[in-house]
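Residue numbers for the sequence shown follow the UniProt record's numbering, beginning at 1 and rising by one.
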Amino acid sequence: MVKKLRENRKNKKGFTLVELIVVIVIILVLSAVMVPNVLKYVEKSQKANCKADAGTILVDLQAQIADLYSTENITVTLPTTAAGATVTSVAAGATQVVPKNKNEANYTVTDGEVTYFSYFNGKFNAIWTKDVGWSGTCMD
């Protein structure tokens with residue numbers, strides 16, 4: 001009878017419960033190490049996307065302002081930019097406004113050139129000033 005039990009045990013194929021638990025624990029440890037790194041890369045890519053969008057809008061805005069100042073009619077209002085952001089002018093000398101609505105940009109124009117620009121993509125702010133350049137929470 002003991003001989004028959006040993007033979008039956010040798011013929012069984014598959015994994016034991018302990019082996020399965022060890023594999024699951026190894027997978028959990030590896031995922032616990034990887035998740036923070038993946039999240040860091042996701043946030044870094046979102047910041048880069050914010051800066052790229054802000055740069056596109058700023059270049060578009062500067063081109064439109066240069067075009068407006070090169071013509072006789074400077075009273076034309078700037079339309080929504082190609083990047084799809086709502087652009088609002090801030091009066092010269094006013095306290096600078098950081099936008100709060102998703103895909104909103106504010107700017108200040110002094111003597112025909114942009115001196116202050118801010119953009120908010122829903123998570124990060126990008127701020128550009130003539131003297132400092134880029135700053136804000138989406139900058140490294």
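Each residue gets a CB set at the ideal place from its N, CA and C atoms; glycine is no exception.
(request) Using alpha carbons as the reference points, say which of 42, 118, 51 lies closest to residue 129. (result) 118
(request) Measure the alpha-carbon distance for residue 39 versus residue 106 and round it to whole angstroms. (result) 30 Å
(request) Go ahead and pull the three-state DSSP assignment for residue 103. (result) coil
(request) Quick one: measure Cβ to Cβ for residue 125 and residue 102, integer angstroms, because I've assumed they're closer than 8 Å. (result) About 12 Å separates the two Cβ atoms, so there is no contact after all.
(message) Measuring straight from C-alpha to C-alpha, what distance separates residue 62 and residue 109?
(response) 9 Å
(request) Identify whether residue 55 lies in helix, strand or coil by the three-state DSSP scheme. (result) helix
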